[in-house]
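Line by line, the protein sequences give chains Y and X.
The working numbering applies: residue 1 is where the first sequence begins, and numbers increase by one.
The working numbering applies: residue 238 is where the second sequence begins, and numbers increase by one.
By construction, the Cβ of each residue, glycine as well, lies at the ideal position given by its N, Cα and C atoms.
In this text the structure is predicted, and so the values were computed from the model without any measurement.
The structure appears below as structure tokens.
2 protein chains.
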Amino acid sequence: QLAELCAGQFETLALSGRTVFITAGPTREALDPVRYISNHSSGKMGYALAEAARDAGARVKLITGPVSIAAPERVECIRVESAQQMLDASLTGLSGCDLFIAAAAVADYRPVSIAEHKIKKGSEEIMELHLVKNPDIVATVAAAEDRPYTVGFAAETRDVVSYAQNKLARKKLDLIVANDVSAPGIGFNSDENAVTLVGPDSIETLPQTHKQQLARQLINRIARHFNEYAKTSGKDS
Amino acid sequence: QLAELCAGQFETLALSGRTVFITAGPTREALDPVRYISNHSSGKMGYALAEAARDAGARVKLITGPVSIAAPERVECIRVESAQQMLDASLTGLSGCDLFIAAAAVADYRPVSIAEHKIKKGSEEIMELHLVKNPDIVATVAAAEDRPYTVGFAAETRDVVSYAQNKLARKKLDLIVANDVSAPGIGFNSDENAVTLVGPDSIETLPQTHKQQLARQLINRIARHFNEYAKTSGKDS
């Protein structure tokens with residue numbers, strides 16, 4: 001009877017029995033054994049989403065770039081450095097993934113080649129760095145056969161919603177979580193965030209709050225969109 | 238009498254009454270509001286040196302790039318991001334500095350310009366990044382009028398001692414702490430290190446140990462070299 005009660009409890013959770021992949025943090029693109037290109041993503045938003053999705057009943061695989069946050073409990077944590085490694089980890093087991101949330105700040109470009117030894121500073125005042133475009137992880141996932149419901153992020157410093165709508169269509173995503181990283185006190189390396197959730201025919205703004213709180217609100221909203229999608233796409237459990 | 242006893246104690250410390258500037262950690266060179274070039278320096282060695290110099294009786298100013306270590310107690314901690322900011326902080330009050338230890342891993346190059354807004358990924362598969370040489374902080378300090386005793390670091394992946402000797406002469410430094418960052422288990426982002434102390438006519442190897450322990454050994458050796466220099470240069474206190 002207790003088991004039935006517990007089962008009944010879990011049945012009510014928004015992501016019960018679902019498998020969710022979440023990417024988090026920055027990637028680092030090596031120039032040589034000591035230098036790299038990266039960005040200011042702290043991973044806090046992705047980690048908070050992983051905990052919120054776990055608490056909503058999902059099995060969570062967190063694919064994370066280098067950050068200084070401890071791995072959440074009861075979450076499978078895969079540590080990567082580069083965008084290519086993050087893509088490989090994202091595609092591993094993707095056919096069993098119901099919902100993919102790409103919260104990582106993936107480097108758009110990486111050095112064409114990684115020097116085996118530390119590059120010595122020459123006498124040149126100017127240096128050219130040759131970069132090549134990284135694979136687009138969220139677009140690759142969204143284009144996969146039997147793809148999961150795919151949620152992207154857009155960190156912008158201006159025209160946040162219009163960039164997000166453009167990105168949604170171009171990458172064939174289901175939802176975009178857009179935020180303005182130029183606004184003070186929110187976003188990268190901050191404990192708070194405010195976002196706008198942009199769907200094919202919806203725009204919803206979630207006001208500024210702690211990332212943990214915002215992550216719970218976001219997982220609620222995303223789960224609602226996902227469950228509607230799952231019904232119509234025959235993926236309902 | 239107690240005061241005299243205490244004073245007597247302090248007199249025996251190797252850096253009593255000396256002012257020591259120490260740089261630590263990486264620098265970050267911004268590409269735009271979210272992206273940067275950096276390196277794998279954890280700051281652990283510089284922070285350990287700051288504590289060891291403080292415990293040897295010195296007034297310590299720690300000029301630190303972005304790291305995830307708490308500021309040491311009884312150490313003046315100046316936080317910077319870029320090489321230019323680190324240089325500015327190093328030159329501030331330099332005439333009162335007796336000993337300068339450049340443990341930071343300063344980016345050799347920075348982007349020619351910092352984009353005001355996040356650079357949008359274009360359709361180009363290839364991108365050229367134009368970099369310009371950063372100021373050489375330790376060489377600038379060593380070339381200053383009434384310069385402090387100046388100790389540099391050399392993180393190399395090969396030919397460690399010969400690169401260090403070359404660097405010592407070229408930058409007119411007094412000592413170089415050289416280490417092989419390609420050796421497993423030591424150096425960048427590790428808790429242990431092994432170094433070779435290279436002077437104009439001395440080479441001394443300190444075997445692998447914890448950075449805290451190594452920092453105390455290093456400060457002892459550096460203080461001995463410095464105190465000899467101070468005697469001959471008339472800077473003896």
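In the stretch 33 to 65 of chain Y, which residues sit with their C-beta less than 7 Å from some C-beta in chain X, listed in chain order? Flagged, chain order: Pro33, Val34, Arg35, Tyr36, Ile37, Ser38, Asn39, His40.
Beta bridge counterpart(s) of arginine 365 of chain X as assigned by DSSP: As a working mapping, residue 365 of chain X is identified with position 128 in the second sequence. The sequence as given places glutamate at residue 365 of chain X; arginine does not occur at that position. Here glutamate 365 of chain X is bridged, per DSSP, to Y:His130.
By DSSP, does glycine 96 of chain Y sit in helix, in strand, or in coil? One-based indexing of the first sequence puts residue 96 of chain Y at position 96. Collapsing the DSSP output to three states places glycine 96 of chain Y in a helix.
Any C-beta of chain Y within less than 7 Å: which residues of the stretch 381 to 400 of chain X qualify? Under the 7 Å Cβ criterion, the stretch 381 to 400 of chain X contributes Ala392, Glu393, Thr394, Arg395.
Roughly how many angstroms lie between the CA atoms of glutamine 321 of chain X and threonine 329 of chain X, to the nearest whole one? The sequence position of residue 321 of chain X within the second sequence is 84, counting from 1. The sequence position of residue 329 of chain X within the second sequence is 92, counting from 1. A straight-line Cα-Cα distance of about 12 Å links glutamine 321 of chain X and threonine 329 of chain X.
Any idea if proline 437 of chain X is buried or exposed, counting beta-carbon neighbours within 10 angstroms, 16 or more meaning buried? Here residue 437 of chain X corresponds to residue number 200 of the second sequence, with the count starting at 1. Looking at its Cβ environment, which holds fewer than 16 other Cβ atoms inside 10 Å, proline 437 of chain X is exposed.
Integer-rounded CB distance, given that valine 151 of chain Y should sit under 8 Å from isoleucine 222 of chain Y: Stepping through the first sequence from its first residue, residue 222 of chain Y is reached at position 222. Stepping through the first sequence from its first residue, residue 151 of chain Y is reached at position 151. About 6 Å separates the two Cβ atoms, so the contact holds.
From serine 305 of chain X to methionine 323 of chain X, what distance separates their C-alpha atoms? Locating residue 305 of chain X in the second sequence gives position 68, where the first residue counts as 1. Locating residue 323 of chain X in the second sequence gives position 86, where the first residue counts as 1. Between serine 305 of chain X and methionine 323 of chain X, the alpha-carbon positions lie close to 17 Å from each other.
Classification of isoleucine 219 of chain Y by the beta-carbon crowding that lies within 10 angstroms, buried from 16 upward: Indexing the first sequence from 1 puts residue 219 of chain Y at position 219. Classification of isoleucine 219 of chain Y: buried, given that the 10 Å Cβ count is 16 or more.
Straight-line gap, phenylalanine 10 of chain Y to asparagine 227 of chain Y (C-alpha atoms, nearest Å): Numbered from 1 along the first sequence, position 10 holds the residue referred to as residue 10 of chain Y. Numbered from 1 along the first sequence, position 227 holds the residue referred to as residue 227 of chain Y. Confidence at phenylalanine 10 of chain Y is low in this model, with a pLDDT of 48, below 50, so its placement is unreliable and no value can be given for it.
Going along the chain, which residues of its own chain have a beta-carbon closer than 6 Å to the beta-carbon of serine 38 of chain Y, five neighbours each way excluded? For this step, residue 38 of chain Y is matched to residue 38 along the first sequence. The residues are Pro26, Arg28.
8 Å Cβ cutoff, methionine 323 of chain X in contact with chain Y: The residue given as residue 323 of chain X occupies position 86 in the second sequence. No, methionine 323 of chain X does not count as interfacial toward chain Y.
Along the stretch 131 to 144 of chain Y, what residues have a CB closer than 7 Å to any CB found in chain X? Closer than 7 Å at the C-beta level to chain X, one finds these residues of the stretch 131 to 144 of chain Y: Leu131, Val132, Lys133.
Coarse secondary structure for threonine 433 of chain X, derived from DSSP in three states: Within the second sequence, residue 433 of chain X is the residue found at index 196, counting from 1. If DSSP states are grouped into helix, strand and coil, threonine 433 of chain X belongs with the strands.
For valine 141 of chain Y versus phenylalanine 100 of chain Y, is the C-beta spacing smaller than 8 Å? Locating residue 141 of chain Y in the first sequence gives position 141, counting from the first residue. Locating residue 100 of chain Y in the first sequence gives position 100, counting from the first residue. Note that the C-beta distance between valine 141 of chain Y and phenylalanine 100 of chain Y is below 8 Å.
Give me the Cβ distance between proline 72 of chain Y and arginine 59 of chain Y, rounded to the nearest whole Å; I'm assuming they're in contact under 8 Å. Against the first sequence, residue 72 of chain Y aligns to sequence position 72. Against the first sequence, residue 59 of chain Y aligns to sequence position 59. Incorrect: roughly 13 Å between the Cβ atoms, too far for contact.
Which bits of chain Y does glutamate 441 of chain X rub up against, with CB to CB less than 7 Å? Translated into the one-based positions of the second sequence, residue 441 of chain X becomes position 204. Ordered by position in chain Y, no residue passes the 7 Å Cβ test against glutamate 441 of chain X, which lies about 23 Å from the chain.
If we cut at 8 Å on Cβ distances, does serine 68 of chain Y have a partner in chain X? On the first sequence, residue 68 of chain Y is found 68 positions in, with the first residue counted as 1. Yes, contact with chain X.
Threonine 205 of chain Y versus Y:Ala183, Y:Val195, Y:Ala104, residue with shortest Cα-Cα distance: In the first sequence, residue 205 of chain Y corresponds to position 205, counting from 1. Of the candidates Y:Ala183, Y:Val195, Y:Ala104, the one whose C-alpha sits nearest the C-alpha of threonine 205 of chain Y is Y:Val195.
Cα-Cα separation between glutamate 288 of chain X and alanine 50 of chain Y, rounded to whole angstroms: For the purposes of this step, residue 288 of chain X is taken as the residue at position 51 of the second sequence. For the purposes of this step, residue 50 of chain Y is taken as the residue at position 50 of the first sequence. Rounded to the nearest angstrom, the gap between the Cα atoms of glutamate 288 of chain X and alanine 50 of chain Y is 38 Å.
Taking only beta-carbon positions, decide if isoleucine 363 of chain X is within less than 8 Å of chain Y. Sequence index remark: in the second sequence, residue 363 of chain X carries index 126 (1-based). Isoleucine 363 of chain X has a beta carbon lying within less than 8 Å of a beta carbon in chain Y.
Lysine 355 of chain X versus chain Y: which residues are under 8 Å apart at the beta carbon? Within the second sequence, residue 355 of chain X is the residue found at index 118, counting from 1. Against chain Y, a Cβ distance below 8 Å from lysine 355 of chain X picks out Ala155, Glu156, Thr157, Val181.
Rounded Cβ spacing between threonine 192 of chain X and aspartate 335 of chain X (contact assumed at less than 8 Å): The structure shown does not extend to residue 192 of chain X, since chain X spans only 238 to 474, so no value can be given for it.
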